[in-house]
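A short write-up of the structure that comes next.
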Amino acid sequence: MDRQKKRVVLRAVNSMSSLSTNVEQKGVQGMRAVNSLCSISSELDDSDLLALLLDRPRVKLERNNSYDEKSFNDLSLYDSAHSLDGRSGWETPVFSMNPHPMVTEAWEALRRSQVYFRGQPVGTIAAYDHASEEVLNYDQVFVRDFVPSALAFLMNGEPEIVKNFLLKTLHIQGQDKRIDRFKLGDGAMPASFKVLHNPIKKTDTIIADFGESAIGRVAPVDSGFWWIILLRAYTKSTGDHSLAERPECQKGMKLILSLCLSEGFDTFPTLLCADGCSMIDRRMGVYGYPIEIQALFFMALRSALSMLKQDTEGKEFMDKIVKRLHAMSFHMRSYFWLDFQQLNDIYRYKTEEYSHTAVNKFNVIPDSIPDWLLDFMPLRGGYFVGNVSPAHMDFRWFALGNCIAVLASLATQEQSMAIMDLIEARWEELVGEMPLKICYPAMESHEWRIVTGSDPKNIRWSYHNGGSWPVLLWLLTAASIKTGRPQIARRAIDLAEARLLKDGWPEYYDGKSGRFIGKQARKFQTWSIAGYLVAKMMMDDPTHVGMISMEEEKHMKPVLNRSSSWT
41 MDRQKKRVVL
51 RAVNSMSSLS
61 TNVEQKGVQG
71 MRAVNSLCSI
81 SSELDDSDLL
91 ALLLDRPRVK
101 LERNNSYDEK
111 SFNDLSLYDS
121 AHSLDGRSGW
131 ETPVFSMNPH
141 PMVTEAWEAL
151 RRSQVYFRGQ
161 PVGTIAAYDH
171 ASEEVLNYDQ
181 VFVRDFVPSA
191 LAFLMNGEPE
201 IVKNFLLKTL
211 HIQGQDKRID
221 RFKLGDGAMP
231 ASFKVLHNPI
241 KKTDTIIADF
251 GESAIGRVAP
261 VDSGFWWIIL
271 LRAYTKSTGD
281 HSLAERPECQ
291 KGMKLILSLC
301 LSEGFDTFPT
311 LLCADGCSMI
321 DRRMGVYGYP
331 IEIQALFFMA
341 LRSALSMLKQ
351 DTEGKEFMDK
361 IVKRLHAMSF
371 HMRSYFWLDF
381 QQLNDIYRYK
391 TEEYSHTAVN
401 KFNVIPDSIP
411 DWLLDFMPLR
421 GGYFVGNVSP
431 AHMDFRWFAL
441 GNCIAVLASL
451 ATQEQSMAIM
461 DLIEARWEEL
471 VGEMPLKICY
481 PAMESHEWRI
491 VTGSDPKNIR
501 WSYHNGGSWP
511 VLLWLLTAAS
521 IKTGRPQIAR
531 RAIDLAEARL
541 LKDGWPEYYD
551 GKSGRFIGKQ
561 ARKFQTWSIA
571 GYLVAKMMMD
581 DPTHVGMISM
591 EEEKHMKPVL
601 NRSSSWT
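Counting in my numbering, the sequence shown runs from 41 upward without gaps.
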């Protein structure tokens with residue numbers, strides 16, 4: 041940054057530090073303060089503003105021993121700026137002076153969705169759609185659905201509902217969990233729960249679903265990971281160490297980790313799971329080692345590592361976690377990563393290779409490369425493929441897994457930038473008219489019949505099969521900010537603001553470009569509302585990204601020199 045811009049930055053820093061007090065004073069003085077800041081901001085582009093934020097003084101962190109991340113001591117810019125004491129490293133958060141009218145509407149809708157148990161808020165229902173004749177399970181509190189709601193409340197300084205949710209789901213975890221005559225593992229977290237109010241007896245009862253009522257009867261693998269990730273977000277936002285240090289929370293984390301870290305017949309560090317065990321909760325060919333589960337698993341392991349107490353049992357878990365993280369980072373970065381150079385290598389693979397010198401270690405057949413990918417892959421850019429297992433590589437793009445990979449630093453810095461390059465280069469395909477495609481491309485015809493079982497809800501370019509989900513906006517925004525490219529998030533938010541409120545906050549959109557409201561989409565879908573709010577608040581105050589972001593471990597960076605898109 042040149043000398044003249046540095047002067048502008050310095051003026052902006054001083055203006056922001058005093059803005060909060062100046063604007064409270066009525067009259068000309070307050071208006072001058074605002075106008076001064078606006079004029080300064082106009083002189084700077086996005087990169088200068090980001091540099092301004094990065095150069096602000098940080099708070100000195102004195103972390104409790106129980107939160108020592110052991111080998112993960114190199115905290116991210118956002119981890120440092122938004123420290124465990126719950127205070128930003130910047131004296132004055134950067135809030136929008138003129139909030140979009142949708143923000144007020146969104147908060148009102150989010151508050152209407154709150155669920156109470158014995159007078160205390162414990163979550164938000166999936167959808168508040170009175171126009172729908174069939175309620176199904178949309179009146180329940182889903183663990184994964186509540187995450188963006190929880191982040192919105194945390195960013196707004198309302199942690200009570202998040203704390204209540206964490207404790208209530210922890211209590212539910214301890215229940216006896218059976219599907220037919222089979223008992224689930226002790227660490228399994230519910231997919232959802234419902235509060236039943238008895239006005240006559242004036243009692244509240246909670247009924248939980250661990251998959252026994254879900255379509256396909258699949259237990260949610262992601263619920264436990266989201267719970268750990270949310271516990272870390274709560275701790276970093278509030279500075280309340282006591283919640284994570286409670287014996288019941290420590291036990292809950294260890295039960296979840298025991299399910300995932302147990303030894304078996306696997307030869308890979310990735311987690312084997314069934315189809316439909318995450319956000320894509322229907323048959324979509326994501327069984328095996330789906331990227332969404334692997335990315336969430338990685339982030340949950342890193343989150344748990346920062347919160348486990350260093351007692352005898354805790355240290356044993358921490359040692360297992362560190363070993364697994366090292367193995368996972370190498371495996372995922374080496375075998376799941378795809379860019380132009382790697383695609384060309386796979387295109388030229390030999391098959392039926394034996395011994396340790398094999399290049400095609402998973403025996404991927406080059407003829408299995410789909411035609412669409414040859415035109416889709418840009419020269420600059422890359423992503424983590426959907427799945428890798430023996431003789432199988434799912435080349436589809438999955439938004440949630442790739443965004444989480446960026447935030448958890450499962451992706452290297454170079455890979456993270458390449459993912460954002462891909463989104464920009466293939467904007468029409470991955471974003472279109474409504475952010476964001478849950479996966480790309482859609483399955484059609486014979487492939488759709490075989491893989492989904494002719495699922496009428498997952499027809500081409502609808503629902504999980506290439507549908508556009510507004511909730512993913514918050515993940516795209518967080519990844520954009522972490523990689524220093526907020527213009528990507530701003531462009532996506534502008535698209536959402538043009539339609540979401542007018543369309544009644546739909547669950548998802550259909551069509552190749554996401555133009556149509558989903559055929560079976562619920563209106564006033566809570567996580568569509570919360571996802572928008574979280575995206576807006578992160579853009580207003582980038583320190584919020586620290587709740588959900590982690591930095592890459594320096595000594596875990598692999599030496600991989602195969603991609604022009606990484607330079």
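In this text, a Cβ means the ideal position worked out from N, Cα and C, and glycines have one as well.
- A direct Cα-Cα distance of roughly 28 Å separates G325 from T517.
- Around the beta-carbon of G279, fewer than 16 other beta-carbon atoms lie within 10 Å, marking it exposed.
- Fewer than three beta-carbon pairs drawn from the stretch 461-481 and the stretch 361-375 are found closer than 8 Å, and the two stretches are therefore not classed as touching.
- For I528, no beta strand (DSSP E) encloses it; the enclosing alpha helix (DSSP H) starts and ends at 526-543.
- For L295 and L348, the gap between their C-alpha atoms comes out near 12 Å.
- The beta carbon of G328 lies closer than 6 Å to those of N427, S429 in the same chain, with the five residues before and after it left out.
- Annotation: the continuous alpha helix (DSSP H) that includes V183 extends over 183-195.
- If you look at S429, you'll find it isn't in any alpha helix (DSSP H); it sits in the beta strand (DSSP E) that goes 427-429.
- Per DSSP, reduced to three states, the secondary structure at A248 is strand.
- Between I255 and D321, the CB-CB gap stays under 9 Å.
- For R218, the three-state secondary structure derived from DSSP is strand.
- Across the structure, S153 and I459 are spaced so that their CA atoms are roughly 34 Å apart.
- Between Q334 and T310, the C-beta spacing is below 9 Å.
- Close CB contacts of D169 within its chain, under the 6 Å cut and outside five residues either way in sequence, are with R562, K563, F564 (chain order).
- Counting C-beta atoms within 10 angstroms of its own C-beta, G571 has 16 or more neighbours from the protein chains shown and is therefore classed as buried.
- Counting along the chain, N238 sits inside the beta strand (DSSP E) bounded by residues 232-238.
- Boundaries of the alpha helix (DSSP H) harbouring M142: 141-152, taken from the DSSP string.
- Per the C-alpha coordinates, the member of Y178, P510, R323 positioned closest to R555 is P510.
- Counted as a single uninterrupted DSSP element, the stretch harbouring D351 is not any alpha helix (DSSP H), since DSSP gives it neither H nor E.
- If you look at T164, you'll find it in the beta strand (DSSP E) that goes 160-164.
- Residues P418, G421, G422, Y423 of the same chain have their beta carbon placed closer than 7 Å to that of L462, with the five preceding and five following residues left out of the count.
- Proximity to W147 across I246, M590, K576 peaks at K576, based on C-alpha coordinates.
- One thing to note: R373 has its Cβ no nearer than 9 Å to the Cβ of I361.
- In this structure, DSSP gives F205 a helical state, which the three-state scheme calls helix.
- In terms of Cα proximity to Q453, the closest of M590, P141, C313 is M590.
- Inside the stretch 365-414, DSSP marks whole beta strand (DSSP E) runs of 3 or more residues at positions 377-379, from first to last along the chain.
- Within the model, the alpha-carbon separation for C443 versus R286 is close to 31 Å.
- The residue among D185, N196, H504 with its C-alpha nearest the C-alpha of H584 is N196.
- When the beta-carbon positions are compared, E332 and L440 come within less than 9 Å of each other.
- Scanning its chain for C-beta atoms nearer than 7 Å, with the 5 sequence neighbours on each side dropped, one finds around P188 the residues V511, W514, W567, A570, G571, V574, in chain order.
- Counting along the chain, the unbroken beta strand (DSSP E) around H432 starts and ends at 432-434.
- The shortest C-alpha to C-alpha distance from S298 to any of T307, G227, I247, K276 is the one to G227.
- Secondary structure within the stretch 286-341: the alpha helix (DSSP H) runs of 4 or more consecutive residues, fully enclosed, are 287-301 (chain order).
- The beta carbon of F376 is closer than 8 Å to those of I331, Q334, F424, V425, V428 in its chain, skipping five residues each way along the sequence.
- Only buried fits K217, as 16 or more other CB atoms lie within 10 angstroms of its CB.
- DSSP places F265 inside the alpha helix (DSSP H), whose first and last residues are 262-278.
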